[in-house]
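In what follows, a structure is listed as structure tokens, so that the remarks can point back to it.
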Amino acid sequence: MERAARLAQHFVAEQAPAPQLETHATSSSVRGYNVAVLGAAGGIGQPLSLLLKLSPQVRELRLYDVANTAGVAADLSHIATAPRITSHSGAGALPDALYGADLVVIPAGVPRKPGMTRDDLFNINAGIVRSLCEGVARFCPSAWVAVISNPVNSTVPIAAEVLRRAGTFNPSKLFGVTTLDVVRANTFVAEALGLDPAAVNVPVIGGHAGVTILPVLSAATPRLTVPEQQARALMARIQDAGTEVVKAKAGAGSATLSMAYAAARFAEACLRAMSGEPGVVECAYVASSVVKDLPFFASQLRLGPAGIAEFLPLPRLNALEQDNFESMKEELVSSIAKGVGFMNGK
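Heads up, the sequence shown is in the UniProt record's numbering, so the first residue is 1 and it goes up one at a time.
The structure is reproduced here in structure tokens:
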């Protein structure tokens, strides 16, 4: 765990807010916020942009991708809702997409295909996230940043390192979106027990891939009485849910619609917190000191106008969950180190 300790010291020591370099951020006195979607023409980006076009919290929705952005923007612009749509296509258009953004959501990257793991995506998506976050650091350094591009366990450390090197890293405003794990946990538990999914809340901690996804069923609301065998089955399904969709689509894509729904939910939570709404709580994968030697970790957060306002205490784990918690650590340390190693040319 010596490597883990070095990684933890590297990131968690920097908890001071980033310098406020941006001069054209949206004023809180103006209704709505500027949201940039980077990867807006992709399988997640299109339905995500549709959902954000429906949000009363959004003033301007900036759509960015390397190609095919104009058609998506034209289509969305016909929807009779308040957010203004702007289109930005190609690397040269990134500054205009980012300048003055309050929230940047990054679904850009290649999707999973049958037989691929999230780590198989790393070599391509790592470079994409690095490049886009270099733009964030330069053109909207005070924005909140929500990373969807997989493998999130590694791409968020990459984003953090890019921002840190630029002198703009604010750990309270960088998030790996793990909301889909919570959505799936709520859905699968409700389905298994005959409950309304809207009435179920299962905390999901750890990371955003395979065994690092730890649904804490024992801390669910409402309180659940689940036999261990059923709990194991639920846990396994939640952890493997992404693969379930990839197989079902038979080469035609990955979990795009459910991911877009989850990302829109998280983005909406961010915007509500920015506006000062109290009691906004979401799970996300962030720079954290909640677990020793794990400088990035997904847990429940209370969000406020400046980003993360509070790390909620980890729920108590039962014996099964504790076993899974211990077994995930090595995998999570390795994923974090992979992201940092990419930035160090390793």
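Glycine included, C-beta positions come from ideal geometry on N, C-alpha and C.
Open item on the list: Is the separation between the beta-carbon of A97 and that of A166 shorter than 8 Å?
Closed with: For A97 and A166, no; Cβs fall outside 8 Å.
Open item on the list: What does the alpha-carbon distance come out to for the pair K53 and Q229?
Closed with: Cα to Cα, the separation comes out at about 43 Å.
- [ ] Please list the segments of the beta strand (DSSP E) lying wholly inside the region 23-63, counting only runs of 3 or more residues, in order along the chain.
- [x] As far as the region 23-63 is concerned, its whole beta strand (DSSP E) runs of at least 3 residues are 33-38.
Task: Whole beta strand (DSSP E) elements within the region 173-247, 3-residue minimum - done: Within the region 173-247, the complete beta strand (DSSP E) segments at least 3 residues long are 174-176, 204-206, 213-215, listed from N- to C-terminus.
Task: Member of F122, I205, A159, V340 whose CA lies at the smallest distance from the CA of E134 - done: The option with the nearest alpha carbon to E134 is A159.
- [ ] Mind the definition here: the region 184-198 touches the region 279-296 only if three or more C-beta pairs lie below 8 Å; say whether that holds.
- [x] Note that the region 184-198 does not touch the region 279-296; fewer than 3 beta-carbon pairs, one per stretch, sit closer than 8 Å.
Task: Bounding residues of the alpha helix (DSSP H) (the contiguous stretch that carries C133) - done: Here the alpha helix (DSSP H) through C133 covers 122-139.
- [ ] Spatial neighbours of H78 within its chain, please: CB distance less than 7 Å, with the 5 preceding and 5 following residues excluded, ordered by chain position.
- [x] Around H78, the same chain offers no residue with a beta carbon nearer than 7 Å, after the five sequence neighbours per side are excluded.
Open item on the list: If you reduce the DSSP assignment to three classes, tell me which class E277 lands in.
Closed with: Note: E277 maps to coil in three-state DSSP.
Open item on the list: Please state the DSSP three-state secondary structure of Y285.
Closed with: When DSSP states are grouped into helix, strand and coil, Y285 belongs to the strand group.
Open item on the list: At the level of alpha carbons, what is the spacing between R84 and V156?
Closed with: Between the alpha carbons of R84 and V156 lies a distance of about 29 Å.
Open item on the list: For T179, which residues in the same chain have their Cβ closer than 6 Å to its Cβ, ignoring the five residues on either side in sequence?
Closed with: Hits under 6 Å: A262, R265, F266.
Open item on the list: Quick check: the Cα distance between S55 and Y33, rounded to an integer number of angstroms?
Closed with: Going by C-alpha positions, S55 is about 10 Å away from Y33.
Open item on the list: Using 8 Å for Cβ pairs, my map puts N125 next to G109. What's the rounded Cβ distance?
Closed with: Sure, about 4 Å apart at Cβ, within 8 Å.
Task: Member of A40, L94, D102, R59 whose CA lies at the smallest distance from the CA of D75 - done: For the residues A40, L94, D102, R59, the minimum Cα distance to D75 belongs to A40.
- [ ] Give the single residue among V105, T256, A137 whose Cα lies nearest to the Cα of I44.
- [x] Ranking the options by Cα distance to I44, first place goes to T256.
Task: Sheet register partners of H88 (DSSP bridge) - done: Y64.
Task: For Q300: DSSP bridge partner residues - done: Partner(s): C283.
Open item on the list: Can you tell me whether V156 is helix, strand or coil according to DSSP?
Closed with: In this structure, V156 counts as helix in the three-state DSSP scheme.
Open item on the list: As a quick exercise: from E244, L294, Q239, pick the residue whose alpha carbon is nearest that of A209.
Closed with: Ranking E244, L294, Q239 by CA distance to the CA of A209 puts Q239 first.
TODO: Note the first and the last residue of the continuous beta strand (DSSP E) segment covering V105.
DONE: Annotation: the continuous beta strand (DSSP E) that includes V105 extends over 103-106.
TODO: Would you grab the beta carbon distance between S87 and A67 for me? Rounded to a whole angstrom, and I think it's under 8 Å.
DONE: Contact flag wrong, Cβ pair sits at about 11 Å.
TODO: Using DSSP bridges, identify the partner residues of V340.
DONE: When DSSP reads this structure, V340 sits in no beta bridge, so it has no partner.
- [ ] Excluding the 5 residues preceding and the 5 following R223 in the sequence, name in chain order all residues of the same chain whose CB lies nearer than 6 Å to its CB.
- [x] Excluding positions up to five away in sequence, the list is empty.
Open item on the list: Measuring only the C-alpha atoms, how far is G92 from E331?
Closed with: Rounded to whole angstroms, the gap between the alpha carbons of G92 and E331 is 37 Å.
Open item on the list: Suppose contacts are defined by Cβ-Cβ distances below 8 Å. Is P114 in contact with K247 by that definition?
Closed with: Yes. Within cutoff.
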